[in-house]
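Here the structure is laid out as structure tokens; the discussion comes afterwards.
There are 2 protein chains.
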Amino acid sequence: MLQKVVILSTGDELTTGKIADTNAQWLADRCFTLGLDVVAVLMVGDYPDRITWVWERAFELADLVICTGGLGPTSDDLTTEIVAKVLGVGLRFDEPSADKIRALFERIGRTMPENNLRQAQFPEPAVILENPLGTAPGYRVSCEREVPRADGPGRVRAPRHLVVMPGVPREMKPMFDDHVVPWLRELSASDTVLAIHTFQTFGMSESGLDEEVNKVIRPDEARVGFRASFPMISVKLLVRDVAERADARLEELSARLRTALGPVIFGEGDTSMEAATGAALIGRGAKVAVAESCSGGLIGHRITEVPGCSAYFLADYVTYSNAAKVDVLGVRRETLDEFGAVSEETAREMAEGARRRSGATVAVATTGVAGPDGGSEKTPVGTVCFALSADGVLVSRHHQLWGTRDWVKLFTSQIALDWVRRWALGLDVVESGFRR
Amino acid sequence: MLQKVVILSTGDELTTGKIADTNAQWLADRCFTLGLDVVAVLMVGDYPDRITWVWERAFELADLVICTGGLGPTSDDLTTEIVAKVLGVGLRFDEPSADKIRALFERIGRTMPENNLRQAQFPEPAVILENPLGTAPGYRVSCEREVPRADGPGRVRAPRHLVVMPGVPREMKPMFDDHVVPWLRELSASDTVLAIHTFQTFGMSESGLDEEVNKVIRPDEARVGFRASFPMISVKLLVRDVAERADARLEELSARLRTALGPVIFGEGDTSMEAATGAALIGRGAKVAVAESCSGGLIGHRITEVPGCSAYFLADYVTYSNAAKVDVLGVRRETLDEFGAVSEETAREMAEGARRRSGATVAVATTGVAGPDGGSEKTPVGTVCFALSADGVLVSRHHQLWGTRDWVKLFTSQIALDWVRRWALGLDVVESGFRR
């Protein structure tokens with residue numbers, strides 16, 4: 001039964017701070033999801049003695065070592081050679097892998113440097129993991145090793161497993177999910193499976209969510225994981241059970257969570273607020289326009305991160321100056337004079353103006369003080385006014401947001417997108433927001 | 001003479017993939033800049049046996065260990081206890097630190113949990129590093145340890161140093177720069193200093209920059225480091241010399257680099273393209289407006305990331321639909337019919353319309369195909385047209401960009417901002433871009 005994991009990353013770009021090790025985080029998250037205990041994450045640069053050291057230590061700590069990097073074609077790519085040495089096995093040349101590498105170069109019309117054939121070399125007992133997206137296949141090895149006893153002095157022979165994958169994230173991730181996860185399930189030698197469902201939420205704090213979840217799901221029914229990635233929080237439900245029962249149990253618990261959290265859940269699975277908003281607009285057959293002041297174009301930017309958004313997105317009027325608010329959106333001078341640019345009154349006229357001007361079904365508007373300067377007693381930094389206009393609908397609300405300039409902007413864009421999503425789904429709009 | 005470093009990070013949130021270890025990357029970058037060799041980055045969760053294991057291993061590998069995390073007030077914050085145990089020393093309670101913690105709680109009007117006093121405990125020989133931004137001070141220790149010989153079998157006593165800092169990045173970073181860097185300079189026991197200057201560039205590839213730099217700076221004159229952070233690349237010059245000479249030599253080399261790279265350098269020190277563009281506009285006393293299509297609001301978003309941008313930013317017209325281009329910017333129907341929305345002709349009318357409408361001194365416009373769909377033979381995915389309008393100036397150009405949708409958008413915004421910056425500085429505008 002597999003339990004303890006060490007994640008190894010190799011590459012000078014990691015130890016010189018050139019890039020962050022996002023692979024390690026991704027793999028640690030996957031391991032957590034699979035119920036595995038990551039004992040350590042170890043990183044070293046491209047030096048033979050350091051890579052050897054770290055592999056030997058990794059086998060002391062864990063029964064599974066997952067390594068990324070060092071599979072490239074150049075002389076500083078040392079992983080395979082060192083793995084073979086540490087395992088005390090030879091290297092074998094895999095002709096089918098070599099053919100695939102040659103074919104890949106032919107397809108893109110380039111001459112293959114001879115060096116690339118190093119990527120068709122594997123430790124003798126390796127099982128090869130195909131890489132449809134690059135030249136470096138991965139591999140896995142299961143063996144026995146002499147390691148220090150966990151429960152006292154002396155040494156003992158114990159089963160050890162290792163996985164080696166390329167360091168390029170877009171090659172590594174599908175390789176792990178497609179080839180490693182099923183093998184790990186087998187290794188775990190369990191007749192149960194882990195069923196997982198993820199909810200994306202906005203509008204409650206992590207502790208608030210935790211409380212609500214605890215009201216409807218008992219700890220023995222499912223593991224629940226929270227991941228905050230401002231301004232959203234994802235909630236993961238994990239159910240371990242025999243295959244025949246796991247999915248049904250997960251679906252039953254998911255239904256409870258949907259009822260408990262309601263519109264705070266804006267999406268399920270791997271999705272974003274802008275994608276959820278887009279899907280809701282398509283569902284309603286509506287077209288959207290935006291009027292922004294303090295958020296400065298971020299709402300439009302996020303809407304247009306979604307491919308195909310031209311089906312529902314018409315225009316975003318970023319009226320930063322008061323003159324532009326008057327000229328483009330028809331905000332009245334008197335409104336600005338009487339209530340100020342940061343007011344619900346101005347936001348309402350902005351939303352109405354954007355809808356009228358663009359011919360959109362729905363328009364959302366924001367105006368506020370992103371900071372760090374520009375606050376006043378009446379409108380301190382973080383004050384943001386929102387309005388939404390649609391046929392027969394004109395609502396507005398202000399929020400006192402917090403954090404740095406970029407947080408206030410991001411927060412503002414999230415609330416505005418959520419308003420549009422809620423409107424498109426026929427939900428209460430102004431209840432969206434965030435409780436501190 | 002200090003040379004080898006191990007960076008340690010502790011925390012369950014790292015080994016379960018909840019967050020990425022950005023501290024390790026930041027510290028690795030700082031160490032690289034200081035000329036130190038980071039042998040390994042090691043991460044473990046909050047378990048006594050694992051933290052002990054990793055500290056013992058770290059002392060085998062390096063003469064300096066830099067650790068973040070595990071200094072909180074709760075029972076799973078174990079770093080200090082374990083450091084004392086590994087060093088074989090006792091703990092001492094530091095009354096001045098305790099007073100500061102009490103005062104901090106008083107200031108925010110909260111009762112201090114007794115637990116927080118754990119943060120006033122230090123290994124006996126520790127030198128305390130103040131933390132003006134939080135309750136957990138850091139500390140450093142210098143000692144001698146018995147470690148395996150590097151050059152053969154057996155063990156030897158050798159000097160070892162360690163630094164422990166809180167895991168919160170905004171507390172850790174100033175602590176490192178203010179208290180640790182000067183100490184490391186002393187430890188290096190060298191009469192030389194390292195002088196550093198950073199240039200931010202856009203418009204050349206890393207290998208292109210490398211070539212240009214090599215033409216004017218010999219390897220023995222300075223170390224040169226490149227950091228690509230799409231779409232910009234920073235170039236760092238590092239000069240080690242005696243204090244009286246280092247700055248003058250650095251300035252002489254910097255001047256050569258300025259001449260060699262010219263307008264490809266958009267800023268010096270820690271800056272962004274949007275900040276450089278803003279500074280250039282202020283310098284010229286100009287106001288800017290933007291007209292966007294494919295970039296969807298990203299240009300406005302980036303301009304408004306800079307505090308105080310309301311001094312020079314008037315409006316951004318994100319005219320995603322053709323109707324909006326005609327209505328808001330006065331693009332002629334005939335232009336759209338004849339040349340298409342993605343054409344230099346349309347971009348020029350967008351820029352002129354944005355300038356006219358807003359009363360800005362200068363306006364920039366973008367229209368293109370961000371992908372992944374929507375490409376045609378004439379305008380494949382990645383085609384983006386740019387135009388800039390100012391008094392007596394109307395220029396345009398199209399680029400064939402590449403990459404995913406978000407890359408094309410980011411790229412587009414970078415070129416547009418660079419056009420405005422170049423215009424404000426009186427430089428050639430359309431030469432900006434990116435050579436693959």
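These protein sequence lines map, in sequence, to chains A and B.
Number 341 in our numbering belongs to position 341 of the first sequence; there are no gaps in the numbering.
Number 27 in our numbering belongs to position 27 of the second sequence; there are no gaps in the numbering.
Glycine included, every Cβ here is placed at the ideal spot set by N, Cα and C.
Since residue i meets chain B, which of its residues come closer than 9 Å, beta carbon to beta carbon?
i, result
"proline 307/A", "Ala370, Gly371, Pro372, Asp373, Gly374 and Arg405"
What in chain A is Cβ-close to residue i, meaning under 7 Å?
i, result
"aspartate 316/B", "Gly297 and Val318"
"phenylalanine 313/B", "Tyr320"
Within 8 Å of any Cβ in chain A, is that where the Cβ of residue i sits?
i, result
"arginine 436/B", "Because arginine 436/B sits at a pLDDT of 40, beneath the cut-off of 50, its placement in the model cannot be relied upon, and the following sentence gives the value as read from the coordinates. It does not: the Cβ of arginine 436/B has no partner Cβ on chain A nearer than 8 Å."
"valine 242/B", "no"
"valine 420/B", "no"
"alanine 62/B", "no"
"glutamate 274/B", "no"
"glycine 300/B", "yes"
"arginine 227/B", "yes"
"aspartate 270/B", "no"
"aspartate 29/B", "yes"
"serine 310/B", "yes"
Following the continuous alpha helix (DSSP H) through residue i, name the residue where it begins and the one where it ends.
i, result
"phenylalanine 411/A", "405 to 424"
"arginine 333/B", "333 to 339"
"aspartate 210/A", "206 to 216"
"methionine 43/B", "Premise fails: methionine 43/B lies in the beta strand (DSSP E), 37 to 44, not in any alpha helix (DSSP H)."
Give the residues of chain A in contact with residue i, contact being defined as C-beta atoms less than 9 Å apart.
i, result
"leucine 8/B", "Under the 9 Å cutoff, chain A gives no residues; its nearest Cβ is about 10 Å from leucine 8/B."
Is the shortest distance between the beta-carbon of residue i and the beta-carbons of chain B less than 8 Å?
i, result
"threonine 22/A", "yes"
"aspartate 77/A", "no"
"valine 437/A", "The displayed coordinates of chain A run from 1 to 436. Any statement about residue 437/A would go beyond what the structure contains."
"phenylalanine 59/A", "no"
Check each candidate in the options and name the one with the smallest Cα separation from residue i.
i, options, result
"valine 168/A", "Gly45/A, Thr68/A, Asn322/A and Ala195/A", "Thr68/A"
"valine 384/B", "Ala347/B, Leu417/B and Glu377/B", "Ala347/B"
"leucine 409/B", "Glu95/B, Ser142/B, Met232/B and Cys294/B", "This sequence places lysine at residue 409/B; leucine is not what is there. Nearest of Glu95/B, Ser142/B, Met232/B and Cys294/B to lysine 409/B, Cα basis: Cys294/B."
"valine 235/A", "Ala243/A, Gly203/A, Cys143/A and Gly374/A", "Gly203/A"
"leucine 314/A", "Gly308/B, Cys309/B and Lys325/B", "Lys325/B"
"alanine 120/A", "Thr271/A, Arg110/A and Ala103/A", "Ala103/A"
"isoleucine 101/B", "Phe93/B, Arg92/B and Leu117/B", "Leu117/B"
"methionine 175/B", "Phe199/B, Glu130/B and Asp210/B", "Glu130/B"
"alanine 351/B", "Ala289/B, Gly297/B, Val180/B and Ser188/B", "Ala289/B"
"glutamate 186/A", "Ala416/A, Phe199/A, Ala370/A and Ser142/A", "Ser142/A"
"isoleucine 233/A", "Ile19/B, Gln3/B and Ile7/B", "Ile19/B"
"glycine 359/A", "Leu133/A, Ala286/A, Gly11/A and Ile7/A", "Ala286/A"
"alanine 291/B", "Ala255/B, Val364/B and Arg30/B", "Val364/B"
"alanine 280/B", "Asp76/B, Val224/B, Leu417/B and Arg30/B", "Leu417/B"
"arginine 227/A", "Ala354/B, Glu13/B and Asp94/B", "Glu13/B"
Just to make sure I have the definition right: I need the residues of chain A whose C-beta is within less than 8 Å of the C-beta of residue i. Which are they?
i, result
"lysine 85/B", "Under the 8 Å cutoff, chain A gives no residues; its nearest Cβ is about 19 Å from lysine 85/B."
"isoleucine 303/B", "Gly296 and Gly297"
"phenylalanine 199/B", "Those within 8 Å of phenylalanine 199/B in chain A number zero; the least Cβ separation is about 17 Å."
Residues of chain B with CB closer than 8 Å to the CB of residue i, please, in chain order.
i, result
"tryptophan 26/A", "Gly17"
Closer than 7 Å by beta-carbon distance: list the chain B residues that pair up with residue i, in chain order.
i, result
"arginine 356/A", "Chain B residues near arginine 356/A: none, gap ~11 Å exceeds 7 Å."
"phenylalanine 32/A", "Thr16 and Gly17"
Within 7 Å: the Cβ of residue i and any heavy atom of the ligand MN?
i, result
"cysteine 294/B", "As presented, the structure is devoid of all ligands, the ligand MN included, so that no description of it is given."
Could you spell out the range, first to last residue, of the beta strand (DSSP E) harbouring residue i?
i, result
"arginine 240/A", "232 to 242"
"lysine 4/B", "4 to 10"
"leucine 394/A", "393 to 400"
"arginine 465/A", "Outside the shown range of chain A, which is 1 to 436, sits residue 465/A, and nothing can be said about it."
Pull out every residue of the segment 147 to 181 of chain B whose Cβ sits closer than 8 Å to any Cβ of chain A, in chain order.
-> none
Looking at chain B, which residues of the segment 36 to 55 of chain A have a Cβ within less than 9 Å of any of its Cβ atoms?
-> The segment 36 to 55 of chain A vs chain B, Cβ under 9 Å: Asp37, Val38, Val39, Ala40, Val41, Leu42, Met43, Val44, Gly45, Tyr47, Arg50, Trp53 and Val54.
The segment 323 to 341 of chain B: positions lying closer than 8 Å to chain A by Cβ = Ala323, Ala324, Asp327 and Val328
For the segment 379 to 407 of chain B, which residues have a beta carbon sitting closer than 9 Å to at least one beta carbon of chain A?
-> Of all residues in the segment 379 to 407 of chain B, Arg405 and Asp406 have a Cβ within less than 9 Å of some Cβ in chain A.
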